[in-house]
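Residue numbering for the sequence shown follows my numbering, beginning at 14 and increasing consecutively. Note that CB positions come from ideal geometry on N, CA and C, so glycine has one too. Everything on this sheet refers to the single structure shown next.
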Amino acid sequence: MNFMPTPPKQQLYIDGQFTDGTSGESFDVISPVTGERIATLPLPSSADLDRAVAAARAAQREWRQVGVWQRAAICHRIGDELEKRVDDLARLQTLEQGKPLAESVADIKEAAQLFHLHAEDAVRLHGETFPSNDTNKRMWSFYKPVGTWAIITPWNFPLLMLAEFVAPGLATGNAHVVKPPTHTSLTVLAALEAFEAAGVPKGLVNVLPGEGDFGSKLVSHDGIDAIGFIGSSATGAKIHATSGLKRSIMELSGNGPLIVLEDADLQRAAQAAADGAYFCAGQVCCATERVLVHANVHDAFIEQLLKTVDGVTLGNPFDSAVNLGPLNNEGVASKMDRHMEDARTRGFDVLAGGGRRSGQPTDLYYEFTIVDGVSEDSLLSVEESFGPVVPVITGASDDELLRIANADALGLQSAVFTNDLSKAYRFVEEIETGQVIVNDSNGFWDINMPFGGAGGKNTGWGRIGGKHTLIDMSDLRTGVIHLNR
Numbered sequence: 014m015n016f017m018p019t020p021p022k023q024q025l026y027i028d029g030q031f032t033d034g035t036s037g038e039s040f041d042v043i044s045p046v047t048g049e050r051i052a053t054l055p056l057p058s059s060a061d062l063d064r065a066v067a068a069a070r071a072a073q074r075e076w077r078q079v080g081v082w083q084r085a086a087i088c089h090r091i092g093d094e095l096e097k098r099v100d101d102l103a104r105l106q107t108l109e110q111g112k113p114l115a116e117s118v119a120d121i122k123e124a125a126q127l128f129h130l131h132a133e134d135a136v137r138l139h140g141e142t143f144p145s146n147d148t149n150k151r152m153w154s155f156y157k158p159v160g161t162w163a164i165i166t167p168w169n170f171p172l173l174m175l176a177e178f179v180a181p182g183l184a185t186g187n188a189h190v191v192k193p194p195t196h197t198s199l200t201v202l203a204a205l206e207a208f209e210a211a212g213v214p215k216g217l218v219n220v221l222p223g224e225g226d227f228g229s230k231l232v233s234h235d236g237i238d239a240i241g242f243i244g245s246s247a248t249g250a251k252i253h254a255t256s257g258l259k260r261s262i263m264e265l266s267g268n269g270p271l272i273v274l275e276d277a278d279l280q281r282a283a284q285a286a287a288d289g290a291y292f293c294a295g296q297v298c299c300a301t302e303r304v305l306v307h308a309n310v311h312d313a314f315i316e317q318l319l320k321t322v323d324g325v326t327l328g329n330p331f332d333s334a335v336n337l338g339p340l341n342n343e344g345v346a347s348k349m350d351r352h353m354e355d356a357r358t359r360g361f362d363v364l365a366g367g368g369r370r371s372g373q374p375t376d377l378y379y380e381f382t383i384v385d386g387v388s389e390d391s392l393l394s395v396e397e398s399f400g401p402v403v404p405v406i407t408g409a410s411d412d413e414l415l416r417i418a419n420a421d422a423l424g425l426q427s428a429v430f431t432n433d434l435s436k437a438y439r440f441v442e443e444i445e446t447g448q449v450i451v452n453d454s455n456g457f458w459d460i461n462m463p464f465g466g467a468g469g470k471n472t473g474w475g476r477i478g479g480k481h482t483l484i485d486m487s488d489l490r491t492g493v494i495h496l497n498r
């Protein structure tokens with residue numbers, strides 16, 4: 014079946030123009046939904062990268078002189094133009110990414126909303142004045158754009174996560190060279206029509222889908238001033254090692270957990286755990302990943318968790334009755350296979366699902382999976398599974414649950430279920446994650462919340478969301494004037 018809307022330009026985008034590039038190499042895009050080739054994209058060369066960076070730097074020199082109200086107006090227009098194209102962009106995203114169409118619609122709408130949000134944030138981003146010990150001095154601060162950013166986006170939210178960087182970046186006067194994954198670039202390329210219709214000056218947003226060592230060439234390029242990356246901790250570490258002292262925002266891997274205390278609403282907690290596992294097929298940095306449940310309510314929680322299975326429908330993501338589509342790629346599916354093999358070898362209880370579903374258009378349709386009796390040292394616990402799985406680990410006390418949670422090397426977002434306000438405050442303050450959600454899913458996210466990893470964990474730095482991203486994408490300049498009097 015062919016669900017593809019009007020095909021976008023299957024080219025690189027440099028200095029406001031679509032181009033085949035100069036490498037002579039190409040990449041076939043295969044849909045995880047149908048298994049069909051849906052596009053062929055050129056791969057960028059080093060010369061293409063040089064052109065894109067040069068275009069970005071030239072454009073940024075002019076853009077940084079444009080007033081913030083004018084920059085905000087263009088960001089608002091981008092949001093408006095994206096909203097006009099929600100249906101086509103959402104269908105294209107589902108075809109190349111695999112998530113249910115309703116999720117793709119929400120993604121595109123949120124991407125549009127981000128441009129409106131950051132337009133408003135930018136006109137309210139202001140500095141301060143400071144008293145000086147020297148009465149002849151006047152001191153103040155204000156924000157300037159950093160310059161040209163390399164933006165490397167993941168494949169799970171192709172357009173939304175581009176918007177998380179490019180919206181605040183444009184609003185604060187920056188330029189961008191964006192590298193989306195080759196196999197989920199079509200939605201981004203199609204969305205450039207909205208950028209052009211909004212009047213974005215050429216060169217401010219360049220898009221070069223690439224793989225392999227192209228990312229290293231991008232982040233180490235002398236013309237790149239800063240780096241925005243959303244992806245795995247392993248890749249983030251490589252980028253940091255390659256890019257040296259360049260400024261960066263790194264939003265990296267997460268591993269839950271969702272914690273269920275003795276006094277929790279077990280039905281609500283079970284549904285939240287399921288929601289956080291099958292949303293985007295679990296391919297989310299703040300997916301459920303692990304459930305840590307108090308031993309005294311373990312059996313009752315499992316009973317509620319099993320009731321959620323009937324509410325998960327795996328299948329064609331263009332079907333409105335389906336809420337779990339295929340995994341995006343074989344790498345993720347193989348990782349799930351490896352985690353489930355480890356679980357069975359260790360004798361854990363696979364209560365639902367547990368493998369790929371046969372008879373589907375591709376081998377990427379993975380069943381919603383529940384595993385009980387999981388140990389702390391198992392792969393399901395120590396690695397980010399990035400699939401539709403709910404591993405359940407039992408702890409004897411609140412202290413034990415907190416210990417298990419904080420023993421993990423990752424610390425992005427966690428959730429805790431309790432009806433005790435004192436316990437809620439304790440866990441919010443003591444869990445070592447950047448965000449702690451009380452009585453809702455790990456997967457909760459809002460475009461205006463600062464989102465990122467905790468210090469001391471392998472989950473990155475900086476914040477995505479609201480004014481915090483604008484601040485991170487700006488230079489704080491301090492001025493001091495001596496008064497002759």
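Asked	Found
Under 7 Å between C-beta atoms of C299 and Q110	no
First through last residue of the beta strand (DSSP E) which encompasses T200	Segment 199 to 210 is the alpha helix (DSSP H) holding T200; no beta strand (DSSP E) there.
Environment of I494 [buried if 16+ CB atoms lie within 10 Å]	exposed
Close beta carbons around N452, own chain, < 6 Å, minus the five adjacent residues each side	F430
Contact set for P113: own chain, Cβ-Cβ below 6 Å, skip 5 residues either direction	P330, V335, N336, G338
Touching by the beta-carbon criterion (3+ pairs, under 8 Å), the region 60 to 76 and the region 177 to 189	yes
Coil, strand or helix - W168 by DSSP	coil
Environment of F314 [buried if 16+ CB atoms lie within 10 Å]	buried
Option nearest R587 by Cα separation, candidates L327, E389, I406	The chain is shown from 14 up to 498; residue 587 falls before or after that span and cannot be answered.
Cutoff 7 Å; reference L489; Cβ partners in own chain excluding five residues on either side	S154, Y156
Where D41 sits in the DSSP three-state scheme	strand
Backbone secondary structure at N419 - three-state DSSP	helix
Contact under 7 Å by Cβ, D238 with G182	no
Anticipated Cβ contact below 8 Å, A365 with F381, distance rounded	6 Å
7 Å Cβ shell around V345 - same chain, five flanking residues per side excluded	Q296, F399, G400
Beta-carbon gap between L271 and S246 smaller than 7 Å	no
Neighbourhood of R50 by C-beta, 6 Å cutoff - its chain only, sequence neighbours within 5 removed	D41, I43
Per DSSP, cross-strand counterpart(s) of R77	DSSP output for R77 lists no bridge partner at all.
Boundaries (first-last residue) of the alpha helix (DSSP H) holding H129	114 to 135
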